[in-house]
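Single-structure report; data block below.
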Amino acid sequence: MSISCETINELNSKARIVRRHIVEMIAEAGSGHPGGSLSSADIVTALYFHIMNVDPQNPHWPERDRFVLSKGHAAPLLYAVLAEKGFFPKEKLLTLRKTGSILQGHPDMKLTPGLDMTTGSLGQGLSAANGMALAAKLDKKSYRVYVVMGDGELEEGQIWEAAMTSAHYKLDNLTAFVDHNGLQIDGPIQKVMSPENIHEKFKAFGWNVIDIDGHDMKQILDAVEEAKTVKNRPTVIVAKTVKGKGVPFMENQVGWHGKAPSPEQVKEALKSI
Numbered sequence: 321m322s323i324s325c326e327t328i329n330e331l332n333s334k335a336r337i338v339r340r341h342i343v344e345m346i347a348e349a350g351s352g353h354p355g356g357s358l359s360s361a362d363i364v365t366a367l368y369f370h371i372m373n374v375d376p377q378n379p380h381w382p383e384r385d386r387f388v389l390s391k392g393h394a395a396p397l398l399y400a401v402l403a404e405k406g407f408f409p410k411e412k413l414l415t416l417r418k419t420g421s422i423l424q425g426h427p428d429m430k431l432t433p434g435l436d437m438t439t440g441s442l443g444q445g446l447s448a449a450n451g452m453a454l455a456a457k458l459d460k461k462s463y464r465v466y467v468v469m470g471d472g473e474l475e476e477g478q479i480w481e482a483a484m485t486s487a488h489y490k491l492d493n494l495t496a497f498v499d500h501n502g503l504q505i506d507g508p509i510q511k512v513m514s515p516e517n518i519h520e521k522f523k524a525f526g527w528n529v530i531d532i533d534g535h536d537m538k539q540i541l542d543a544v545e546e547a548k549t550v551k552n553r554p555t556v557i558v559a560k561t562v563k564g565k566g567v568p569f570m571e572n573q574v575g576w577h578g579k580a581p582s583p584e585q586v587k588e589a590l591k592s593i
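Its first residue numbered 321, the sequence shown is counted upward by one per residue in the numbering used here.
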């Protein structure tokens, strides 16, 4: 499918807005996870503003595409995208992590409009996405299911049980992304508990695997379109990303996995974005 330069530019502009929200939200809350939220921003922006079939006025629409943020600590990203999409007022974003807010530290589907799954305990999102995709098959529905996982999250055994399940049931309506930024809370993934080679592991589990630059909008969109053509196998898109992408002093810095910026750092970050 041909994708216009105008579409790419619009999505890149939207991703910059999303990144600004992420920085401002976490700063206001005084806590949160900027690094992994920023690294996945282009992927989730592309999904909600070009790929997925959703209706902000009818968040429980049975025919909608489903999305699971398995790396639930990147909740600020998902909240920013949902607000920009119109699921709830943008003013709510600055209530992140506050008592009584609809935007808690990890996604809660009972609180936040537009959420398809509560997440936070790492490793569980792919299992939930499998259930949604299998339900679509059983009900003969055409909706698709998307899930974003972290690369450090691949150290969880449940991910590989779920990966085996996806392939066994031929869930070709399921597309997974791995946010491959190479860092987790305790350091580089290769030093903590290396899940490499990610491509070959998923291939061995029976998946169709696509490698992309996770900050290249055209590559993101092309990969999803390719996934839609694959039959009888789930697809995983291994997206090479930069932790803290868009904010130079956060980029590739493990210390920004879960830390709020100071007022001075917020000004610097917003200027960079």
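Glycine residues also receive a C-beta, built at the ideal position from the N, C-alpha and C atoms.
- Within its own chain, the residues whose Cβ lies closer than 6 Å to the Cβ of L414, once the five positions on either side in sequence are excluded, are E348, listed in chain order.
- Your pair A543 and I557 checks out as a contact, with CB atoms roughly 5 Å apart and the cut at 8 Å.
- Taking the CA atoms as reference points, E383 sits about 8 Å from N373.
- M345 sits buried, since 16 or more C-beta atoms from the chains shown fall within 10 Å of its C-beta.
- Fewer than three beta-carbon pairs drawn from the segment 400-414 and the segment 475-484 are found closer than 8 Å, and the two stretches are therefore not classed as touching.
- Within the DSSP bridge table, the entry for D499 names G470 and A559 as partners.
- For F407, the three-state secondary structure derived from DSSP is coil.
- Its Cα nearest to that of A496, the residue R464 stands out among I509, D506, L503 and R464.
- As computed with DSSP, G507 is found in a beta bridge with Q504.
- Excluding its 5 nearest sequence neighbours in each direction, I422 has C-beta neighbours in its own chain below 6 Å: L431 and T432, listed in chain order.
- Contact annotation: L358 and R339 have beta-carbon atoms nearer than 8 Å.
- Collapsing the DSSP output to three states places L442 in coil.
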